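*Asks:* After the C-alpha cells below, expect a handful of questions from me.
Residue numbers (this note's numbering), protein chains in the order written: chain A, 39 to 110; chain B, 4 to 371; chain C, 10 to 398.
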C-alpha cells in the first residue's frame with residue numbers, strides 16, 4: 039500500500055512539476071508543493087493506520103452537542 | 004480575471020444542473036426514512052422554496068457579472084474578511100466532495116465489489132474525475148446532456164415496468180405525521196438535492212450570455228425536481244411501508260422488476276446510472292474546490308493542483324465517517340442545518356451586504 | 010514533451026486496466042454452488058435449526074434419465090446442516106463444501122411447520138439484509154419437514170425447488186395459494202395490525218408418484234404460526250386480495266349442480282367508519298365467468314336459468330368470504346389488511362384502535378356484493394343429457 043502511494047505521488051510530481059518548472063511559475067510551484075506535501079503526509083499517515091480527525095465529525099459534534107441544532 | 008478561457012452555453016448549464024440534482028436523487032433513503040408516504044408532497048414544496056433560493060443565487064451572480072463566488076466575497080466583504088469567508092466555503096466544498104465520494108465508496112464496496120480495498124476503488128474514481136477537471140469546464144458540462152437523457156430514459160423504463168407492482172394505496176394516510184417531520188423533510192430535500200447548486204457559483208461566470216443565466220438555471224431546477232418527484236413517487240408506490248427500513252430504496256425497487264422472468268436483474272442499469280451521475284456531480288464539486296484554491300492563492304492556472312487536491316479528497320472521504328449508518332444519521336439529521344449555513348445563510352448575508360454597500364448591476368461597460 | 014504525455018497516458022491506462030478487473034472480487038461461475046431453494050426445520054438440539062440448501066448441478070439438467078440404475082442423473086442435490094441461526098449455518102455450508110454458496114438465484118424458502126410455530130423472523134433477517142439475496146423469493150410453510158418436501162422429485166421439472174416455485178406462482182390460476190414474497194412478508198410484519206399469511210404446501214400421492222401441492226394458508230401472529238385456513242378459506246383470501254385470475258366455483262342448486270369457471274375478476278375493497286365507531290368493510294367483486302359443466306334436471310343454458318346460476322355463484326362466493334373472515338376473526342388475525350386499509354382512509358380512528366386491534370377486528374362487519382356475468386356456456390348451448398325424474 040505504501041509503495042502504491044509513493045508511486046502515485048512520484049507520478050503526480052513528474053507530471054505536474056515538469057510543467058511548472060518549465061514555465062517558471064514560482065507562486066504556483068510553492069502552492070503546489072505545499073499541497074503536495076500535505077497530501078503525501080496525510081495519505082502516509084492514513085496508510086500507517088493513524089486515526090485522523092475527520093473535519094466533518096468536528097462539525098457534527100459542534101452542531102449537535104454544543105449548539106443542539108440537529109433534528110435528533 | 005479568468006483562470007481559463009472556456010465558455011459554456013445556457014443549454015449546457017441547464018442539463019448540467021439537471022444531472023447534478025439527479026445525482027443526489029438516487030440516494031433517497033435520507034428523505035424516505037423521515038417522511039415515508041408523504042415525501043412526494045415534500046418534493047413539491049421544496050421545489051417552490053428552492054425556486055426562491057435559486058433566484059437569490061442568480062441575483063447575486065448577476066450583480067457581479069463574470070466574477071465567481073470568491074471574487075464576489077472579496078468585493079463585498081473586503082479582502083481579509085472575504086478570504087476568511089472563502090475559506091469557510093472551501094471547507095464546505097471539501098466536505099461535499101468527501102461525502103459524495105464516500106457514498107460512491109459505500110455503494111461499490113457494499114453492493115458491487117465487497118472484497119476490494121476501499122481506497123483503490125476511490126483512487127480510480129477520483130482519478131477519472133481529476134482528469135475531467137483538468138480538461139476544463141466546457142468538456143465536463145458537455146456530458147450533462149447525455150447523462151440526463153440517459154437517466155430520463157432509464158427512469159421511464161423502470162416506471163413502465165413497475166406499473167404492475169404499484170399500489171396507490173401506499174400514498175395514504177395523507178398528512179398524518181407530526182409537523183416536525185415535515186419540516187425536517189422539506190429541509191433535507193431543499194438542502195441536499197437542490198441547493199448544493201451553490202457550487203455552480205464557480206461556473207456561472209463562464210456562461211457566454213449572462214442574460215440567459217436565469218432561464219437556464221431555473222429550467223435545470225425544473226428538470227431535476229421532476230425527476231426527483233417521479234423517483235420518490237415510484238419508490239413509495241412500489242415498496243409501501245418498507246421504504247423506511249431499506250437502505251437504498253431506489254435500488255431495491257428496481258430489483259423487483261420482473262416481466263415474465265425475461266426482464267429481470269435490471270438493477271445493473273441503476274448501478275451504472277448511479278456511478279455516472281455521481282461522477283458528474285463530484286467532478287463539478289472538485290472543479291469548484293480547485294478554482295477556490297486557485298483564487299485564494301491568486302494562481303494563474305489551476306491545472307497543477309488538481310491531482311494533489313484529489314488525494315486530499317480521497318483521504319478526507321476515507322475518514323469522514325466510520326460506517327454508513329453514521330452517514331445516514333448525518334444526512335437526515337445534521338446535514339440540513341450544516342449545509343443550510345453555507346447554501347442559504349452565507350449567500351443571503353452576502354447579498355444583503357452587497358445591496359447595502361450599493362453594488363448595482365453594472366451597465367454595459369462600454370463607456371469606460 | 011508530447012511523447013512524455015502519451016507515455017503518462019499509457020501508464021495511467023495500464024494501471025487502471027489492471028485495477029479495474031477487480032481481482033479481489035473475482036467469482037468464477039464454476040466456483041459457485043448455486044442454491045435454488047432453502048428449507049428451514051427445527052433440529053434436535055435446542056434452539057438449533059436445520060437448513061437444507063438445494064443446489065443445481067447444471068451439467069445434469071438437460072440429460073435424460075439413464076436406464077442404468079447405478080447412475081443418478083439428478084440435476085440437483087440437497088445438503089443439510091445444523092446451526093444456531095441462518096448466518097452461522099450458511100457459513101457452515103461454505104466450510105463443508107468445496108464451492109461457495111450463491112444465494113441470489115434462490116426461488117423459494119420452505120419453512121417447516123414446527124419451526125414456524127417458534128417464530129421465523131430471526132431466521133429471515135439474514136435474507137432481508139444480505140445484498141445478494143433477492144427480496145422476491147417465495148416463502149411457504151410446509152406440513153412436516155421442509156427437508157422431505159425438497160427431496161420430492163417432480164415429474165415435469167428436474168429441480169424440486171423450481172417445481173415448488175411453479176406450484177406457488179400458478180396458485181392464482183386455480184385459487185389455491187396466495188404467493189407471498191419475502192418483501193410482502195416484511196411489509197406485513199412492519200404493519201402494526203396485519204397478520205402475515207403464507208401458503209402451505211404438502212406432499213400428496215397421485216397414484217404411484219408423490220407430488221407437491223398447495224393446500225391452504227398458514228396464519229401468523231407477528232412471526233409465529235398460530236393456525237391454518239382450509240382451501241375454501243384460502244379462496245376467500247384470494248378474492249379479497251384481488252388475486253383471482255381463474256378458478257372454478259361449484260354451486261349446488263335444487264335443480265342440479267353446476268361448475269362455473271371464473272374468467273376474470275376484479276375486487277374493490279373499501280372501508281367505512283361511521284360516527285359511532287362501527288367499521289364496515291365493503292367488498293365489491295365483479296367479473297366474468299363461463300358455465301363449464303353442469304348436471305341436473307334443468308337446462309341451464311336458458312336465460313332464466315343462467316340468472317339462477319349467477320345468483321347461486323354470487324351467493325356462494327359471498328358466503329365463503331363471510332365464513333373465512335369470521336374464522337380469522339376468531340383467530341384474532343387480520344390477514345386481509347383491513348387495519349392498514351383503515352389507516353389509509355381513517356387514520357385518526359386507526360390510531361385509537363390499533364393498540365387493541367384484535368378485539369376491534371372482531372367487530373368489523375362485511376358488506377359484500379358479488380356480480381358475476383356469464384360470458385358463455387362453452388361449446389354447447391344445451392346439455393346432451395338432462396336428467397329428468
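A virtual CB, placed ideally from N, CA and C, is assigned to each residue, including glycine. Fair warning: this is a prediction, and the values are worked out from it, not measured in the lab.
#1: In its own chain, which residues sit with a C-beta less than 6 Å from the C-beta of residue 96(C), not counting the 5 before and 5 after it?
#2: Would a check of beta-carbon distances place residue 31(B) closer than 9 Å to chain A?
#3: Going by DSSP, name the residue or residues bridged to residue 282(C).
#4: With a threshold of 9 Å between beta carbons, is residue 58(A) in contact with chain C?
#5: Give the C-beta separation of residue 37(B) and residue 335(B) to the nearest angstrom, bearing in mind that I take them to be a contact with Cβ-Cβ under 8 Å.
#6: For residue 247(C), count the other beta carbons within 10 Å of its own beta carbon; 16 or more makes it buried, fewer makes it exposed. Which is it?
#7: Residue 384(C): which of 312(C), 119(C) and 242(C) sits nearest, CA to CA?
#8: The beta strand (DSSP E) with residue 4(C) in it runs from where to where?
#9: Check whether the Cβ atoms of residue 337(B) and residue 108(A) sit closer than 9 Å, and answer yes or no.
#10: Hey, is residue 80(C)'s beta-carbon within less than 9 Å of any beta-carbon in chain B?
#11: Tell me the rounded alpha-carbon separation between residue 280(C) and residue 225(C).
#12: If you draw a straight line from the C-alpha of residue 44(C) to the C-alpha of residue 245(B), how long is it?
#13: Run through chain E and tell me which residues come within less than 8 Å of residue 17(C), C-beta to C-beta.
#14: Nearest to residue 40(A) by alpha carbon, out of 84(A), 51(A), 62(A) and 99(A)?
#15: Using a Cβ cut-off of 9 Å (strictly closer), state whether residue 280(C) contacts chain A.
#16: As a quick exercise: from 125(C), 245(C) and 223(C), pick the residue whose alpha carbon is nearest that of residue 52(C).
#17: Any contact of the stretch 355-375 of chain C with the stretch 262-277 of chain C, i.e. 3+ C-beta pairs under 8 Å?
#18: Grouping DSSP H, G and I as helix and E and B as strand, with all else coil, what is residue 102(A)?
#19: What are the start and end residues of the alpha helix (DSSP H) that includes residue 325(C)?
#20: Distance check for residue 180(C) and residue 250(C), CA to CA, integer angstroms please.
#21: Determine which residues of the stretch 205-223 of chain B have a Cβ less than 9 Å from any Cβ of chain A, and write them out in chain order.
#22: Of all Cβ atoms in chain B, is any one closer than 9 Å to the Cβ of residue 354(C)?
#23: Return no unless some Cβ of chain C is closer than 9 Å to the Cβ of residue 247(B).
#24: State buried or exposed for residue 201(B), treating a residue as buried only when at least 16 other CB atoms are found within 10 Å of its CB.
#25: Going by alpha carbons, who is nearest to residue 225(B) out of 18(B), 11(B), 10(B) and 13(B)?
#26: Could you give the distance in angstroms between the alpha-carbon of residue 290(B) and the alpha-carbon of residue 50(A)?
#27: By Cβ distance, which residues of its chain are closer than 7 Å to residue 154(C), with the 5 residues on each side in sequence left out?
#28: Quick one: any contact between the stretch 139-152 of chain C and the stretch 208-216 of chain C, if contact means 3 or more CB pairs under 8 Å?
#29: Give me the Cα-Cα distance between residue 151(B) and residue 21(B), rounded to the nearest whole angstrom.
#30: Which residue from 103(B), 87(B), 207(B) and 41(B) puts its Cα closest to that of residue 284(B)?
#31: In chain order, what residues of the same chain have a beta carbon less than 6 Å from the beta carbon of residue 378(B), not counting five sequence neighbours either side?
#32: Between residue 339(B) and chain A, is any beta-carbon pair separated by less than 9 Å?
#33: In angstroms with no decimal places, state the Cα-to-Cα distance between residue 20(C) and residue 321(B).
#34: Residue 100(B) to residue 231(B), Cα distance in whole Å?
*Replies:* The answer reads as follows:
#1: For the purposes of this step, residue 96(C) is identified with residue 87 of the third chain, where counting begins at 1. Excluding sequence neighbours, residue 96(C) sits near 135.
#2: On the second chain, residue 31(B) is found 28 positions in, with the first residue counted as 1. No, residue 31(B) does not count as interfacial toward chain A.
#3: In the third chain, the residue the question calls residue 282(C) occupies position 273. 288(C).
#4: Within the first chain, the letter at position 20 stands for residue 58(A). It does not; no Cβ of chain C falls within 9 Å.
#5: Within the second chain, residue 37(B) is the residue found at index 34, counting from 1. Within the second chain, residue 335(B) is the residue found at index 332, counting from 1. Sure, about 6 Å apart at Cβ, within 8 Å.
#6: Here the question's residue 247(C) lines up with position 238 in the third chain. The residue is buried, with at least 16 neighbouring Cβ atoms inside 10 Å.
#7: By one-based count along the third chain, residue 384(C) stands at place 375. If you compare the alpha carbons of 312(C), 119(C) and 242(C) with that of residue 384(C), the shortest gap goes to 312(C).
#8: Chain C is shown only over 10 to 398; residue 4(C) falls outside these bounds and no answer can be derived.
#9: As a first step, residue 337(B) must be located in the second chain, where it is residue number 334. As a first step, residue 108(A) must be located in the first chain, where it is residue number 70. Their beta carbons are under 9 Å apart, which means residue 337(B) touches residue 108(A) by this criterion.
#10: Position 71 of the third chain holds residue 80(C). Bear in mind that a pLDDT of 43 at residue 80(C), under 50, signals an unreliable position, so the number given afterwards is only what the model happens to contain. Chain B places no beta carbon closer than 9 Å to that of residue 80(C), leaving this residue out of the contacts.
#11: Translated into the one-based positions of the third chain, residue 280(C) becomes position 271. Translated into the one-based positions of the third chain, residue 225(C) becomes position 216. Between residue 280(C) and residue 225(C), the C-alpha separation is close to 26 Å.
#12: Along the third chain, read from residue 1 onward, the residue named residue 44(C) stands at position 35. Along the second chain, read from residue 1 onward, the residue named residue 245(B) stands at position 242. If you take the alpha carbons of residue 44(C) and residue 245(B), they lie about 26 Å apart.
#13: Given the protein chain composition of this structure (A, B and C), no chain E is represented.
#14: Position 2 of the first chain, counted from the start, is the residue given in the question as residue 40(A). Between residue 40(A) and the set 84(A), 51(A), 62(A) and 99(A), the nearest pair of CA atoms involves 84(A).
#15: For the purposes of this step, residue 280(C) is taken as residue 271 along the third chain, with counting starting at 1. No, residue 280(C) does not count as interfacial toward chain A.
#16: Taking the third chain and counting its residues from 1, one reaches residue 52(C) at position 43. Out of 125(C), 245(C) and 223(C), 125(C) has the C-alpha closest to the C-alpha of residue 52(C).
#17: Touching, no, given that fewer than three Cβ pairs across the two stretches are closer than 8 Å.
#18: As a working note, residue 102(A) is residue 64 in the first chain. Assignment of residue 102(A) by DSSP, reduced to helix, strand and coil, places it in the helix class.
#19: As a position in the third chain, residue 325(C) is number 316, starting the count at 1. For residue 325(C), the enclosing alpha helix (DSSP H) has its first and last residue at 312-340.
#20: Taking the third chain and counting its residues from 1, the one referred to as residue 250(C) is at position 241. Taking the third chain and counting its residues from 1, the one referred to as residue 180(C) is at position 171. Going from the Cα of residue 250(C) to the Cα of residue 180(C) covers about 13 Å.
#21: Within the stretch 205-223 of chain B, no residue qualifies.
#22: Your numbering for residue 354(C) matches position 345 in the third chain. Nearest CB-CB separation between residue 354(C) and chain B: below the 9 Å threshold.
#23: Numbered from 1 along the second chain, position 244 holds the residue referred to as residue 247(B). Yes, residue 247(B) counts as interfacial toward chain C.
#24: Residue numbering aside, residue 201(B) sits at position 198 when the second chain is read from its first letter. Per the 10 Å Cβ criterion, buried.
#25: To locate residue 225(B), count along the second chain from 1; it is residue 222. Checked all of 18(B), 11(B), 10(B) and 13(B); the closest Cα to residue 225(B) is 18(B).
#26: By 1-based counting over the second chain, the position of residue 290(B) is 287. By 1-based counting over the first chain, the position of residue 50(A) is 12. Separation of residue 290(B) and residue 50(A) (C-alpha to C-alpha, rounded to the nearest whole angstrom) is 18 Å.
#27: The residue you call residue 154(C) lines up with position 145 of the third chain. Take residue 154(C), set aside five residues on each side of it, and the residues of its chain with a beta-carbon closer than 7 Å to its own are 50 and 121, in chain order.
#28: Touching, yes.
#29: If you number the second chain from 1, residue 151(B) lands on position 148. If you number the second chain from 1, residue 21(B) lands on position 18. Those two C-alpha atoms are separated by around 7 Å.
#30: On the second chain, residue 284(B) is found 281 positions in, with the first residue counted as 1. Of 103(B), 87(B), 207(B) and 41(B), the residue nearest in Cα terms is 103(B).
#31: Outside the displayed span of chain B (4 to 371) sits residue 378(B), for which this structure offers no information.
#32: To locate residue 339(B), count along the second chain from 1; it is residue 336. Yes, contact with chain A.
#33: To locate residue 20(C), count along the third chain from 1; it is residue 11. To locate residue 321(B), count along the second chain from 1; it is residue 318. Pairing residue 20(C) with residue 321(B), the inter-Cα distance amounts to about 26 Å.
#34: Residue numbering aside, residue 100(B) sits at position 97 when the second chain is read from its first letter. Residue numbering aside, residue 231(B) sits at position 228 when the second chain is read from its first letter. Going from the Cα of residue 100(B) to the Cα of residue 231(B) covers about 21 Å.
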